[in-house]
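Heads up: the sequence lines are chains A and B, in that order.
Number 1111 in the working numbering belongs to position 192 of the first sequence; there are no gaps in the numbering.
Number 463 in the working numbering belongs to position 127 of the second sequence; there are no gaps in the numbering.
Quick reminder that beta carbons are idealized off the backbone N, C-alpha and C, glycines included.
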Amino acid sequence: MSITTHRPLGRLVTALAFAISALVPAAAEDWKNPVLDKYPTAAVNTTGLKVFDDKVIVGQLHSATGTMAISETGSIEAERLAIKQINDAGGILGRKIEYIFEDGASDWPTFAEKAKKLLINDKVGTVFGCWTSASRKAVLPIFEKENGMLYYPTFYEGLEQSKNVIYTGQEATQQILFGLDWVSKEKSAKTYFLVGSDYIWPRTSMKIARIHIEKHLKDSKVVGEEYKPLGDTDFKSLINKIKLAKPDVIFTAIVGGSNVSWYKQLKAAGITGASLEKNKQAMLTLSTSEDEIYGIGGENCEGFYASFKYFQSLTNENNIAFVKAFNELYYDKYKGKAVMGDVTQAAYLGPWLWKATVEKAGSFDIDKIAANSEGIEFKGAPEGYVKIHANHHLWSKARIGKMRLDGQFDIVAESPELIEPNPFPEGYK
Amino acid sequence: MTKIALIALAGLCFADYTMDELKSVLIMQGFAGISQFSVFLLMALGLAIIFGQMGVINMAHGEFMTIGAYATVGTSILAEKFLPAGLFGWYFPLAVVVAFGVAYVVGWLTEYLMIRHLYQRPLDTLLATWGLSMILQETFRQTFGARETSATMPDWLMGSWQPKEGLDIPINGLFLLGVTIVMTALVYLMMYKSRWGLRVRATVLNRNMAGAVGINTKGTDRATFALGCGIAGIAGAAFTTIGSVSPTAGGLYIVDTFLVVVFGGAGSLVGTMLSAFGIAQAQSIIEFFLSGVLAKVLVLTSVIFILMIRPQGLIAQKIRK
């Protein structure tokens, strides 16, 4: 279309097309806001966001193309499911949610540009989006400058806190410390070999892990720490090193395509869940969820452990309903066999937490949402129950799962209480 | 000499291990280097023909590997459905043939529709094939989904061969080595011992003269390019035994592939073999004694250094300028 717009006629056609496309959804829906008298638009929206009498526009900013599409597709779908469920239940303050989707295309400057578009041109009420830390870092200054709100779903390295972000995944300490404590106690582990992909999240995570092992676990030490470039597919030399070091625990944060090579080559080198068990060893990972096992194949993963807050095999009512609803909405695509990992669940929390916050604040204004987020609960969370902390991260439980042949997890441990988020852990820097 | 030095070094580093354990690990480490060598050589073979012989900078080479990999996944799905259970284990050789066929046909079409118009403009070829690689990646994503998948491996390809306790030789590594040896021998025979290879080399050396003596240079170009792509397809099929299949999987290999071919000296099969061996061994030895990231840095630095001294690569073709 951009080619034709230099001609007046083309411009007219374009304008008409936009006008019509803007009219169609409004005309098609007969939704009347039942609580409009109580929450008139002028009162709930004082900063010029796209909030109308009958609807509110939000943004969704993820990679639907490029490398990260593998991971972010689940988040996109989970957020849409939550939005649909909220709409079916009457919307937010009587307003139905409509979303504008922008594709970050796995490219961080594109994320920044699209964030600007959503906040400045579209004036969206809030944004659900990003996956990698790199994309979050790229959009953060824009959200802070334009005063937008971002619900960010991924477990990440911590060391960040913003008025304009709600982190619905776990920060580093919530995932790492519980996992290490468990393996130290359960497997009487004393020696640890740390392996990660070479970028900020694994390096920060391993730094925290090393400090915890050396200072807080009794008589324990790190016998090796290795990083491999992103996307590397050759782990044979590294595996030989691990064989020589004979650690009680192999602690890993390997991401993306490398994951598959790592597990296949472990198996080819004779290291399996069963062989480790026999030698009183274990492998604990921070990064292999159901999503990844789908590509790796359960036969290569069986018997290894992972530390997450959510597993698809959780049997609480919320999760059963969530998995069922997800499979129903996307039946054509997954034929009832959808695979959901930790981040997919965390993405699902975003719209619900936003709804609860807006209703508590009685307003869509960003400042009021930021101020009212503390203490917001979501009892319908598939992971159980979550609550927003004053630092905009979630109180949530930590769990350990053991990988099964069918690509799901047996949950072998669960923190008894919700774990307090602590993005700036003292003594772990 | 180096071997003794290595053992001495290993002795210093791992003094608290029994000789037996050390021997096992060193054997496994030696095999790790060899199997990395076979990965490098296998992926470089196709490019050695396309870039080395024809001079086409094919940035989409990695995507032809991906085509082969997806063909393998497809064959495994079909085999699971239609082959009797007892025969399923043997679908893999068939998958390799299918991978070659599919990649060959796509390569043939690519040459016909795109490459042949660009022989005189190497830089435009670079851009065009890069564009092609993006188009192919997005096509894979739309067709097969963005998630990583794997072909179901037959049992005989998984696990390890254990000649004794503590010594595990990966079977997929042995398989890769076998495929690489067979493919290298075939390429060598075709390029240097057959009439067809003679025609290819004649066309590359002097297109006009080759045409004048009655060689169909256009047909030769097309078949050569398609063959290079077909070999990439076989590499893709073989790589499903060690890695994953995703729309962008080919991109992971493309840099190393060019590195091996350029370092070896474009146009020389022996050079490609030497360079694959050198890079693979250096990388796996450094990685074992130091670290993976350091291995990449040191290897790339020395490759740059050597190329500065010998821009034509390890083994240069003798051409009268």
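What residue does the beta strand (DSSP E) around residue i start on, and which one ends it?
i: lysine 1256(A); result: Segment: none, lysine 1256(A) is in no beta strand (DSSP E) and carries neither H nor E.
i: glutamine 498(B); result: 496-500
i: glutamate 1063(A); result: No beta strand (DSSP E) contains glutamate 1063(A), which is instead part of the alpha helix (DSSP H) from 1052-1065.
i: methionine 527(B); result: Not the beta strand (DSSP E): methionine 527(B) falls in the alpha helix (DSSP H), residues 507-529.
i: glycine 1115(A); result: 1110-1116
I need the boundaries of the alpha helix (DSSP H) containing residue i, first residue and last residue.
i: valine 591(B); result: 585-600
i: glutamine 1231(A); result: Unbroken run through glutamine 1231(A): none, as it is neither H nor E.
i: phenylalanine 418(B); result: 397-418
i: methionine 987(A); result: Element bounds for methionine 987(A): n/a, residue is neither H nor E.
i: aspartate 460(B); result: 458-480
i: leucine 630(B); result: 628-645
i: leucine 1078(A); result: Here leucine 1078(A) belongs to no alpha helix (DSSP H), and DSSP marks it neither H nor E.
i: glycine 437(B); result: 427-449
i: glutamine 1327(A); result: It is not in any alpha helix (DSSP H) - glutamine 1327(A) carries neither H nor E in the DSSP assignment.
Starting from the Cα of residue i, find the closest Cα among the options and give me that residue.
i: valine 581(B); options: Met355(B), Met526(B), Arg543(B), Met489(B); result: Met489(B)
i: lysine 1186(A); options: Ser1208(A), Lys1165(A), Lys1155(A), Met1259(A); result: Lys1155(A)
i: isoleucine 1190(A); options: Leu1163(A), Asp1210(A), Ser982(A); result: Leu1163(A)
i: serine 994(A); options: Leu980(A), Thr986(A), Met1068(A); result: Leu980(A)
i: arginine 483(B); options: Lys1147(A), Asn1235(A), Gly1175(A), Thr965(A); result: Gly1175(A)
i: proline 1344(A); options: Val1305(A), Phe1241(A), Gly1009(A), Ala1128(A); result: Ala1128(A)
i: glycine 514(B); options: Thr577(B), Gly555(B), Asn544(B); result: Thr577(B)
i: lysine 1140(A); options: His1131(A), Ala1317(A), Trp1314(A), Ile1212(A); result: His1131(A)
i: phenylalanine 387(B); options: Asp356(B), Thr608(B), Ile621(B); result: Thr608(B)
i: leucine 636(B); options: Ala652(B), Leu605(B), Gly443(B), Val596(B); result: Val596(B)
i: glutamate 1339(A); options: Ser1315(A), Val1331(A), Pro1060(A); result: Ser1315(A)
i: histidine 1308(A); options: Thr1276(A), Glu1333(A), Phe1283(A); result: Thr1276(A)
i: glutamate 1278(A); options: Ala1091(A), Gln1184(A), Lys957(A); result: Lys957(A)
i: tyrosine 448(B); options: Gly555(B), Ala435(B), Ala616(B); result: Gly555(B)
i: isoleucine 989(A); options: Lys1137(A), Val1258(A), Thr965(A); result: Val1258(A)
If you measure between the beta carbons of residue i and residue j, is that distance less than 8 Å?
i: isoleucine 1319(A); j: tyrosine 1224(A); result: yes
i: glycine 1354(A); j: serine 1054(A); result: Since the first residue shown for chain A is 920 and the last is 1348, residue 1354(A) is missing from the structure and cannot be characterised.
i: threonine 593(B); j: alanine 380(B); result: yes
i: phenylalanine 1030(A); j: valine 1058(A); result: yes
i: alanine 439(B); j: leucine 454(B); result: no
i: proline 1166(A); j: glycine 1143(A); result: yes
i: alanine 1265(A); j: threonine 1087(A); result: yes
i: methionine 693(B); j: tyrosine 528(B); result: No statement about residue 693(B) is possible, as the shown extent of chain B runs from 337 to 657 and does not include it.
i: alanine 612(B); j: glycine 649(B); result: no
i: threonine 638(B); j: glycine 369(B); result: Looking at the sequence itself, residue 638(B) is serine, so the reference to threonine does not match. No, they are not a contact pair.
i: leucine 1324(A); j: glutamate 1221(A); result: yes
i: leucine 1203(A); j: valine 1102(A); result: yes
i: serine 1208(A); j: phenylalanine 1097(A); result: no
i: isoleucine 1169(A); j: glycine 1115(A); result: no
i: leucine 1248(A); j: proline 1301(A); result: no
i: aspartate 1117(A); j: tyrosine 1146(A); result: yes
i: phenylalanine 1283(A); j: valine 963(A); result: yes
Would you mind sorting residue i into buried or exposed? The rule is 16 or more other CB atoms within 10 Å of its CB.
i: valine 549(B); result: exposed
i: phenylalanine 418(B); result: exposed
i: glutamine 456(B); result: exposed
i: tryptophan 1120(A); result: buried
i: aspartate 972(A); result: exposed
i: asparagine 1219(A); result: buried
i: arginine 646(B); result: exposed
i: leucine 522(B); result: exposed
i: methionine 644(B); result: exposed
i: methionine 1125(A); result: buried
i: asparagine 952(A); result: buried
i: serine 940(A); result: At serine 940(A) the pLDDT is 48, less than 50, meaning the model places this residue with poor confidence and gives no usable figure here.
i: glutamate 1079(A); result: buried
i: serine 1107(A); result: exposed
i: glutamate 1211(A); result: buried
i: alanine 945(A); result: Any answer about alanine 945(A) is weak, because its pLDDT of 44 lies below 50 and its placement is not dependable; what the coordinates show is given next. That one is exposed.
i: glutamine 1093(A); result: buried
i: threonine 479(B); result: exposed
i: aspartate 491(B); result: exposed
i: alanine 947(A); result: Reliability fails at alanine 947(A), whose pLDDT of 44 lies under 50, so the model's placement of it is uncertain and no value is given.
| Residues from the region 363-375 of chain B in contact with chain A, defined by Cβ distance under 9 Å | From the region 363-375 of chain B, only Met364, Gln365, Phe367, Ala368, Gly369, Ser371, Gln372, Val375 have a Cβ closer than 9 Å to chain A.
| Residues in the region 581-603 of chain B having any Cβ partner in chain A nearer than 7 Å | Ser582, Thr584, Ala585, Leu588
| Residues of the region 508-521 of chain B whose Cβ lies closer than 9 Å to any Cβ of chain A, in chain order | Asn508, Gly509
| field | Members of the region 1170-1190 of chain A that neighbour chain B once the beta carbon cut-off is set at 7 Å | value | Gly1176, Val1179, Ser1180, Lys1183, Gln1184, Lys1186, Ala1187, Ala1188, Gly1189
| Given a limit of 7 Å on CB to CB distance, which residues of the region 610-629 of chain B reach chain A? | If the cut-off is 7 Å between Cβ atoms, the region 610-629 of chain B has Ser620, Glu623, Phe624, Ser627, Gly628, Val629 near chain A.
| Listed in chain order, which residues of the region 462-496 of chain B have Cβ atoms closer than 7 Å to some Cβ of chain A? | For chain A, the residues of the region 462-496 of chain B that bring a beta carbon within less than 7 Å of one of its beta carbons are Glu474, Arg477, Ala482, Arg483, Glu484, Thr485, Ser486, Met494, Gly495, Ser496, in chain order.
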